[in-house]
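Residue numbers (this note's numbering): 21 to 277.
Okay, structure coming up:
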């Protein structure tokens, strides 16, 4: 499924997210892991646990849900992901998922499922959930998961930072500006070291560069409106520099890598 150009959506973020979760439940209800799915009983879980993944619409206990989405060695990870997706997505939104490292783990589980290759209605339901979750994290004052964590999940799930940055840029909202301050504060150390600021298999230059360039160009005015510190302003300015110009700048924060 090609990544579509983000479209303006005037639906308030929380009702949109509720609708997306409902759509996941409808779209993926009744699905199961493939009949010959298997995993190591010593390291993953019991035959009874595995049988639950082959039984539709049975609520999984939190530990089994965690083991299901974190495992990297399923025969058909996509089928397992479709089986757990309604419950998994609801748990994500409620901050009831405990990644091994950070929410980049979650996005990689989506990526292993190759959801963009699923039938059109299924891929569209996942895409809308990710966008609705992202929009809610930017504007809802009571969002349970920090926006920078949701961003990491969406970026890893889709393999790109571009659509999520486009939505952020188009969201003219004071809460979205405050979320940007939180993100820069959380990200600046890794980005100034030319690495993605979340757990990722590859710290590819395209995503690191895309995120750093966007922040250098678009963040300063929003940081000012949200009352960010002088240090954060200098951090985003430094993201627009490369090589010695960055680390020899008088406002280099002294990071060592």
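Where a beta carbon is used, it is the ideal one built from N, C-alpha and C, also for glycine.
| Query | Result |
| --- | --- |
| How is residue 198 classed by DSSP in three states: helix, strand or coil? | helix |
| Check the C-beta distance from residue 239 over to residue 200 and give it rounded, since I have them as a contact under 8 Å. | 6 Å |
| Go to residue 265, then tell me how far its alpha helix (DSSP H) extends in each direction, as first and last residue. | 264 to 267 |
| Of the residues 129, 158, 260 and 229, which one's Cα is nearest the Cα of residue 173? | 129 |
| Once the 5 residues before and after residue 196 are set aside, which same chain residues still bring their CB inside 7 Å of it? | 158, 159 and 188 |
| At 4 residues or longer, and completely inside the region 123 to 154: list those alpha helix (DSSP H) runs for me, N to C. | 124 to 132 |
| Quick check on this structure: which residue in 146, 142, 86 and 106 has the alpha carbon closest to the alpha carbon of residue 119? | 86 |
| Relative to the C-alpha of residue 164, which candidate in 198, 275, 191 and 113 has its C-alpha closest? | 113 |
| Closer than 8 Å by C-beta to residue 192: which residues in its own chain qualify, once you throw out the five before and the five after it? Chain order, please. | none |
| Can you give me the C-alpha to C-alpha distance between residue 208 and residue 56, rounded to a whole angstrom? | 45 Å |
| Give every residue of the same chain whose Cβ lies closer than 6 Å to the Cβ of residue 115, excluding the five residues on either side of it in the sequence, and list them in chain order. | 164 and 165 |
| Can you tell me the Cα-Cα spacing of residue 110 and residue 79, whole angstroms? | 12 Å |
| Just to confirm my understanding: we take residue 123, look at its own chain, exclude 5 residues before and 5 after, and list those with CB closer than 6 Å. What are they? | 169, 172 and 173 |
| Is the number of C-beta pairs between the region 67 to 74 and the region 140 to 158 that are closer than 8 Å three or more? | no |
| Cα separation between residue 117 and residue 258? | 34 Å |
| Hey, residue 273 and residue 255 are a contact pair by Cβ (cut 8 Å); roughly how many whole angstroms apart? | 7 Å |
| Out of curiosity, what's the CA-to-CA distance linking residue 125 and residue 49? | 24 Å |
| Less than 9 Å between the C-beta atoms of residue 243 and residue 231, yes or no? | no |
| Is the CB-CB distance between residue 179 and residue 131 below 9 Å? | yes |
| Where do the ends of the alpha helix (DSSP H) carrying residue 261 lie? | Neither: residue 261 is in no alpha helix (DSSP H) and is coded neither H nor E. |
| What number of angstroms, rounded off, separates the C-alpha of residue 82 from the C-alpha of residue 177? | 21 Å |
| So, for residue 104: in the same chain, excluding its five sequence neighbours on each side, which residues have a beta-carbon less than 7 Å away from its beta-carbon? | 80, 85, 88 and 89 |
| CB residue 107 to CB residue 47, shorter than 9 Å? | no |
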